[in-house]
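One structure is given below, encoded as structure tokens.
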Ligand code: TLP
């Protein structure tokens with residue numbers, strides 16, 4: 006059966022070029038900084054993100070946790086959106102492992118938090134209060150359908166953070182998608198944060214890995230945090246080699262994924278039983294609502310899976326579809342045909 010995999014851009018499989026690079030990778034013990042391939046990946050990432058240094062980590066979750074633990078002491082508090090991936094889908098790692106509390110604020114549909122709410126969320130120096138230690142942003146915003154935070158908004162948060170002497174950590178799991186939408190280099194977005202986490206294993210197609218980037222001093226401290234978390238890998242050049250291919254070859258093609266997402270959204274907007282405004286789709290994530298009284302999100306997911314079109318329900322009424330390297334224009338047209346058949350039949 007033909008399968009169109011829209012559950013996540015994490016589902017991408019390494020390309021032949023990646024597998025060849027992995028096979029041929031020169032390696033060494035990365036814990037002692039001796040893996041030339043990891044070193045090359047970290048230098049490349051730092052350069053693309055406009056930061057002094059970068060650190061290769063096993064996952065986005067580990068990258069964010071490394072970032073938060075490196076910025077914050079025990080007993081401090083992190084301001085972030087209630088739909089920030091760090092808050093809702095990373096097992097409360099900073100609380101469990103770092104003694105750090107979260108101050109979740111409402112996310113608007115565009116992924117932003119109201120500036121006044123952020124300012125209110127920053128704790129005054131009262132003896133009773135936890136000290137605010139960090140602000141986290143997410144760009145593009147996963148739960149908000151891949152919405153992109155604009156540079157102007159990020160600059161306003163930066164100004165606020167500076168006024169209060171607070172650092173910003175950017176969960177840029179899909180930073181390159183955001184930069185492609187904004188049509189600016191990723192470094193321009195990353196410049197508005199102190200530290201940034203980017204995933205290689207999402208739309209960029211690598212099998213494993215993320216990078217955390219920041220100042221040389223921050224990354225030296227993050228390296229120790231990573232070691233504490235058990236993330237010191239040895240001959241990690243084997244997987245870093247795929248990451249280099251991801252950064253060199255798969256950044257410029259992200260617009261294709263965005264065009265496919267848009268095509269999917271436009272197609273679904275015309276179908277009965279589904280509700281979506283295609284204009285809100287900016288990157289590679291499409292959240293679509295099922296009309297009340299027709300198929301529920303779960304029924305839509307199950308019945309389309311029987312036809313080979315895979316995606317997930319994210320609430321009783323909404324499903325999420327994600328385009329990526331392994332989904333073609335023709336896959337989208339075929340998926341839309343299957344949906345038409347199910348919903349119009
Ligand atoms: N997102 C995944 C998971 O939620 C399943 C997905 O399919 O979208 N930040 C953001 C914004 C993310 O979307 C994710 C993963 C992560 C961090 C964590 O990355 P990993 O999965 O590598 O730990």
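Residue numbers (the working numbering): 6 to 350.
Don't be surprised by glycine CBs; every beta carbon is placed ideally from N, CA and C.
- In the three-state reduction of the DSSP assignment, residue 153 falls in the coil class, being assigned neither a helical nor a strand state.
- Secondary structure of residue 292 (DSSP, three-state): strand.
- The residue from 95, 100, 334, 179 with its alpha-carbon nearest to that of residue 82 is 100.
- For residue 174, the closest alpha carbon among the candidates 195, 154, 190, 189 is that of 195.
- Residue range 259-274 is occupied by the alpha helix (DSSP H) that includes residue 267.
- In this chain, the alpha helix (DSSP H) harbouring residue 186 covers 180-187.
- Measuring C-alpha to C-alpha distances from residue 189 to each of 214, 176, 156, 166 identifies 156 as the nearest.
- Beta-bridge partners of residue 176 (DSSP): 143, 202.
- For residue 169, the secondary structure class from DSSP, reduced to helix, strand or coil, is coil.
- At a cut-off of 6 angstroms, the beta-carbon of residue 147 counts as near the ligand TLP: some heavy atom of the ligand is closer than that.
- When the beta-carbon positions are compared, residue 293 and residue 309 stay at least 7 angstroms from each other.
- In this structure, residue 178 has its beta carbon less than 6 angstroms from a heavy atom of the ligand TLP.
- In this structure, DSSP gives residue 216 an extended state, which the three-state scheme calls strand.
- Exclusion of the five residues before and after residue 241 leaves 35, 40, 43, 61 as the residues of its chain whose Cβ lies within less than 7 angstroms of its Cβ.
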